[in-house]
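*Asks:* Have a look at this one.
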Amino acid sequence: MDGAAEILADMGIEKFDVIQIAQTGGSGPKVVIISANGYMYALKFGKTRIPISDQLKNRGILVDLIGESRLPKVMQFKRYPDGSEAMLITAPSRNTLHDVVTLDNMGIGEKEILRTVDDIVSRFIVMWKQTILPYKDNVCTRPLIFRNERIFNFLDQLVINSLPFSELKGRNIIVNKKNLGNISDLIQVANQDNSPKYMVTCHADPNADNILISPTLNSKSTCYWWLIDYEWVGQISWILSASHFLGWWISNASRLKSRLETNITPESLEFSYEVYRSELMNNIITRCARKIARFAKQIKEPDGWDLKLRRMVALLILGDVRFAGARSREAYTHYLIAEGFQLLSEVKEKTT
Ligand SMILES: Nc1ncnc2c1ncn2[C@@H]1O[C@H](COP(=O)(O)OP(=O)(O)OP(=O)(O)O)[C@@H](O)[C@H]1O
Ligand SMILES: [Mg+2]
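Positions 1 to 352 (the UniProt record's numbering) are the ones given, in order, by the sequence shown.
Encoded structure:
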């Protein structure tokens, strides 16, 4: 709990039950789900990349785009003399889209989940259309130029079978016996200009842990859903926002069937593994991809946008190597590298 009780007391909440300590993601905040006075709340506090006060300003941007009903209500905000911040927001559900898809659907039918995902992506497309403008990297909340540098600097330091990745870049990468080519050449593919023609304003990180889900009584309808985590709300490449609907499942919800094997030879870095993705997950990816393609056509995003999307998904997956520990997925570190480079090799194949 690490200080949650003190913050709650400071907010005037002395009596509460802890429902869950949530699994948090990249920047290391703490989120505790509690019940008090018959309601559920989420207390978010501790270390965050973007101050909680800025996340709340970002929420304000989203209100104008998607309306209050899709966002949990903010009950309290506190700022302490040491600069730390905390917020208490309602918890309309304790289940995320990730939970309902991976934990036996939590009693929600697959059709209902698919309809809900369709609804979410359609709502994003409305937001994208409402806010579309010519792309400018220097006004973006998540500029593309610095992202690659952060991702590959981190990879360089990573030690694989006692050798740093930076020393392996002259070798070929082999994934499940397929030679994908030279690692440095593939990194060059990742670093090609990935700017789209358009940028949009929206929730820039619509991954399945940032969407809360609750079933309705009518199983023929869509589930209720809400967006949380407003760190990156703002103007961004529409392709970056779209990439989260696809890449997140590959990166965070797929399961290794057995231990992945890594082998280094003087010429190569080799990974062998078998991965499991449920039919539901594959269906979600296919349907999201179809909707995204339809949007790209409608806005006349120039040819090659699909390769930019694939490159963006590769970067998302390689970027998630940094968070494998925080997400208790250390065992997936080499899998993420393999999947990321696999996608980069597909982009390379289609461009040469
Ligand atoms: N209002 C809420 N209701 C229910 N659960 C919540 C709520 N807010 C957060 N959670 C749970 O806590 C998890 C982490 O919260 P959140 O997404 O805000 O932060 P994060 O992704 O860990 O951190 P960062 O600020 O670095 O992006 C969510 O994935 C979800 O499971
Ligand atoms: Mg999150």
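Glycine residues also receive a C-beta, built at the ideal position from the N, C-alpha and C atoms.
Which full runs of the alpha helix (DSSP H) of 4+ residues lie inside the stretch 276-342, going along the chain?
*Replies:* Qualifying alpha helix (DSSP H) stretches, in chain order: 279-298 and 305-319.
*Asks:* Hey, how far is the Cα of G169 from the Cα of L246?
*Replies:* Here the sequence assigns Lys to residue 169, which means Gly is not the residue at that position. Spanning the two alpha carbons is a distance of roughly 27 Å.
*Asks:* So, for residue 370: in the same chain, excluding its five sequence neighbours on each side, which residues have a beta-carbon less than 7 Å away from its beta-carbon?
*Replies:* Because residue 370 is not part of the residues shown, which for the chain are 1 to 352, the question remains open.
*Asks:* Give the C-beta separation of V101 and A208 to the nearest angstrom, bearing in mind that I take them to be a contact with Cβ-Cβ under 8 Å.
*Replies:* Indeed, because the Cβ distance is near 7 Å, the residues count as touching under 8 Å.
*Asks:* Between which residues of its own chain and Y276 is the CB-CB distance below 6 Å, once the five residues before and five after are set aside?
*Replies:* Hits under 6 Å: R255 and K257.
*Asks:* Let me make sure I understand the geometry here. Which of P196, P51 and I173 has the alpha-carbon closest to that of D306?
*Replies:* For D306, the nearest C-alpha among the options comes from P196.
*Asks:* From which residue to which residue does the beta strand (DSSP E) around D17 run?
*Replies:* It spans D17 to I21 - the beta strand (DSSP E) in which D17 sits, taken as one unbroken run.
*Asks:* Given this structure, state the Cα-to-Cα distance separating L240 from K47, to the nearest angstrom.
*Replies:* Looking at the two C-alpha atoms, the distance is approximately 25 Å.
*Asks:* Pick helix, strand or coil for I211, following the three-state DSSP scheme.
*Replies:* If DSSP states are grouped into helix, strand and coil, I211 belongs with the strands.
*Asks:* Keeping to the same chain, check which residues put their C-beta closer than 7 Å to that of S184; ignore five residues upstream and five downstream.
*Replies:* So the qualifying residues of the chain are K169 and G170.
*Asks:* Could you pull the start and end residues of the alpha helix (DSSP H) that M127 belongs to?
*Replies:* Per DSSP, M127 belongs to the alpha helix (DSSP H) from E110 to T131.
*Asks:* What are the start and end residues of the beta strand (DSSP E) that includes L155?
*Replies:* Here L155 belongs to no beta strand (DSSP E); instead the alpha helix (DSSP H) covers L144 to Q157.
*Asks:* Just mark R59 as buried or exposed, buried being the case when its beta carbon has 16 or more other beta carbons within 10 Å.
*Replies:* By the neighbour-count rule (16 or more Cβ atoms within 10 Å), R59 is buried.
*Asks:* Just list the alpha helix (DSSP H) runs in the stretch 71-98, keeping only unbroken ones of 4 residues or longer that don't cross its boundaries, in chain order.
*Replies:* For the stretch 71-98, not a single whole alpha helix (DSSP H) run of length 4 or above is found.
*Asks:* Using three-state DSSP, classify A204 as helix, strand or coil.
*Replies:* Three-state result, A204: coil.
*Asks:* So, helix, strand or coil for Q192, using DSSP?
*Replies:* Reduced to three states, the DSSP call for Q192 is coil.
*Asks:* For Y39 and N182, what's the separation of their Cα atoms in angstroms?
*Replies:* C-alpha separation (whole angstroms): 55 Å.
*Asks:* So, at 7 Å on beta carbons, what are the nonlocal neighbours of G325 in its own chain, with the 5 sequence-adjacent residues on each side left out?
*Replies:* Answer for G325: no residue qualifies.
*Asks:* Can you tell me whether W249 is helix, strand or coil according to DSSP?
*Replies:* In this structure, W249 counts as helix in the three-state DSSP scheme.
*Asks:* If you measure from the CB of E270, is any heavy atom of ligand 1 nearer than 7 Å?
*Replies:* No.
*Asks:* With a threshold of 8 Å on Cβ separation, who are the neighbours of T333 within its own chain once the five nearest residues in sequence on each side are excluded?
*Replies:* Once the five neighbours on either side are set aside, the close Cβ partners of T333 are L158, V321 and A324.
*Asks:* Taking only three categories from DSSP, how would you classify G107?
*Replies:* Note: G107 maps to helix in three-state DSSP.
*Asks:* Can you check whether the CB of I132 is closer than 8 Å to the CB of I299?
*Replies:* In contact: I299 and I132 (Cβ atoms closer than 8 Å).
*Asks:* Considering Cα atoms alone, identify which of T116, M199, I108 and T262 is closest to L144.
*Replies:* The option with the nearest alpha carbon to L144 is M199.
*Asks:* Less than 7 Å between the CB of K300 and some heavy atom of ligand 1, yes or no?
*Replies:* No, the beta carbon of K300 sits no closer than 7 Å to any heavy atom of ligand 1.
*Asks:* Alpha carbon to alpha carbon, what distance is there between S345 and L97?
*Replies:* Approximately 30 Å between the Cα atoms of the pair.
*Asks:* Buried or exposed for F124, going by 16 or more other Cβ atoms inside 10 Å?
*Replies:* Counting Cβ neighbours within 10 Å, F124 comes out buried, since at least 16 surround it.
*Asks:* For S219 versus P92, is the C-beta spacing smaller than 8 Å?
*Replies:* No; because the gap between Cβ atoms is not below 8 Å, this pair is not in contact.
*Asks:* If we ignore side chains and look at the alpha-carbon of each, how far apart do S69 and W226 end up?
*Replies:* Their Cα atoms are separated by approximately 8 Å.
*Asks:* At what residues does the alpha helix (DSSP H) containing K30 begin and finish?
*Replies:* Taken as a continuous stretch (DSSP letters only), K30 belongs to no alpha helix (DSSP H), being part of the beta strand (DSSP E) at P29 to A36.
*Asks:* Here's the rule I'm using: 16 or more other beta-carbon atoms within 10 Å means buried, otherwise exposed. How should D2 be labelled?
*Replies:* D2 comes out exposed.
*Asks:* In terms of residues, what are the limits of the alpha helix (DSSP H) holding L62?
*Replies:* First-last of the alpha helix (DSSP H) with L62: I52 to I66.
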